[in-house]
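Report on the following structure.
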Amino acid sequence: MLPNIGTGELLIILALGLLIFGAKQVPEIARAFGKAINSFKAGMKEPIEESKKPESGKKDDSDS
Numbered sequence: 006m007l008p009n010i011g012t013g014e015l016l017i018i019l020a021l022g023l024l025i026f027g028a029k030q031v032p033e034i035a036r037a038f039g040k041a042i043n044s045f046k047a048g049m050k051e052p053i054e055e056s057k058k059p060e061s062g063k064k065d066d067s068d069s
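The numbering of the sequence shown is my numbering, which starts it at 6 and goes up by one.
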């Protein structure tokens with residue numbers, strides 16, 4: 006995902022997050038972040054699935 010960030014840098018970021026938000030809020034924030042990613046992925050799939058459906062009953066009125 007992020008090729009320039011190593012293990013040491015990730016540990017420092019996690020430690021700073023723990024210091025800033027506290028031990029109780031970190032799991033809640035991670036859970037909310039995971040839900041946001043899942044809903045984003047689901048939202049990205051919807052237009053693809055809708056574009057595959059054949060449009061029935063719609064006419065193109067651009068000629069008239």
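We put the beta carbon where it would ideally sit given N, CA and C, even for glycine.
N- and C-terminal bounds of the alpha helix (DSSP H) containing residue i
i, result
"Ile10", "Careful: Ile10 lies outside any alpha helix (DSSP H) and carries neither H nor E."
Secondary structure of residue i, DSSP reduced to three states
i, result
"Lys40", "helix"
"Lys29", "coil"
Rounded C-alpha distance that separates residue i from residue j
i, j, result
"Ala28", "Ile10", "24 Å"
"Ala20", "Lys50", "34 Å"
"Ile1", "Ile34", "The first residue shown for the chain is 6 and the last is 69, placing residue 1 beyond what the model contains."
Own chain, CB closer than 8 Å to residue i, minus 5 neighbours either side, in chain order
i, result
"Leu23", "Val31"
Other residues of its chain near residue i: CB distance less than 6 Å, five sequence neighbours each side excluded
i, result
"Ile17", "none"
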